[in-house]
Amino acid sequence: MVFTVPVRAQPPARAVDRWADAGLVSGEAVELDVRAARLGSRVLALLLDLLVQAVVALVLTSGLSMVLVALPVGVMDGALSGALQTLLLILVLVGYPVLMERFAGGRTVGKLAVGLRVV
Numbered sequence: 001m002v003f004t005v006p007v008r009a010q011p012p013a014r015a016v017d018r019w020a021d022a023g024l025v026s027g028e029a030v031e032l033d034v035r036a037a038r039l040g041s042r043v044l045a046l047l048l049d050l051l052v053q054a055v056v057a058l059v060l061t062s063g064l065s066m067v068l069v070a071l072p073v074g075v076m077d078g079a080l081s082g083a084l085q086t087l088l089l090i091l092v093l094v095g096y097p098v099l100m101e102r103f104a105g106g107r108t109v110g111k112l113a114v115g116l117r118v119v
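Under the UniProt record's numbering, the sequence shown has 76 at position 76, and the numbering climbs by one with no breaks.
Structure follows, in structure tokens:
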């Protein structure tokens, strides 16, 4: 004896995602009514920030080079000069974002120029 049970095929139920319609959710799970920046404006802001960092590094490196040239012969060798310039470059590349985060609320020169808001 064979028993058959009629089964109706149904599509799988949609997963319930309570954040699916949320715009932007912060780390504290608070929905913010802001529009996220597009990739193009973020890249442009990054390029402007890199340009500012390059100019600052160039000015500081030029100043360091002038100081090193003014020193008497034998006080500074090439390795120490290169190490000081590398240290200066690292300070600019690391210090710029840290200082902008601390003193400008995360708004870098590039973000200000492009008009991006920092939330």
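Glycine included, every Cβ here is placed at the ideal spot set by N, Cα and C.
This one's a predicted model, so the numbers in the text were calculated from it and none came from an experiment.
Cβ-Cβ separation between residue 48 and residue 119: approximately 20 Å, too far for a contact (criterion under 8 Å). Fully contained in the segment 35 to 94 are the following alpha helix (DSSP H) runs of length 4 or more, in chain order: 39 to 70.
Excluding five sequence positions before and after residue 46, the CB atoms of its chain that fall closer than 8 Å to its own CB belong to 110, given in chain order. Residue 34 and residue 42 have their C-alpha atoms spaced approximately 16 Å apart. Excluding sequence positions up to five before and after residue 93, its CB lies within less than 7 Å of the CB of 53, all in the same chain and listed in chain order. Taken atom to atom, the span from the alpha-carbon of residue 101 to that of residue 115 is near 16 Å. Residues 100 and 118 of the same chain have their beta carbon placed closer than 8 Å to that of residue 106, with the five preceding and five following residues left out of the count. Under DSSP, residue 31 takes part in a beta bridge, and its partners are 25.
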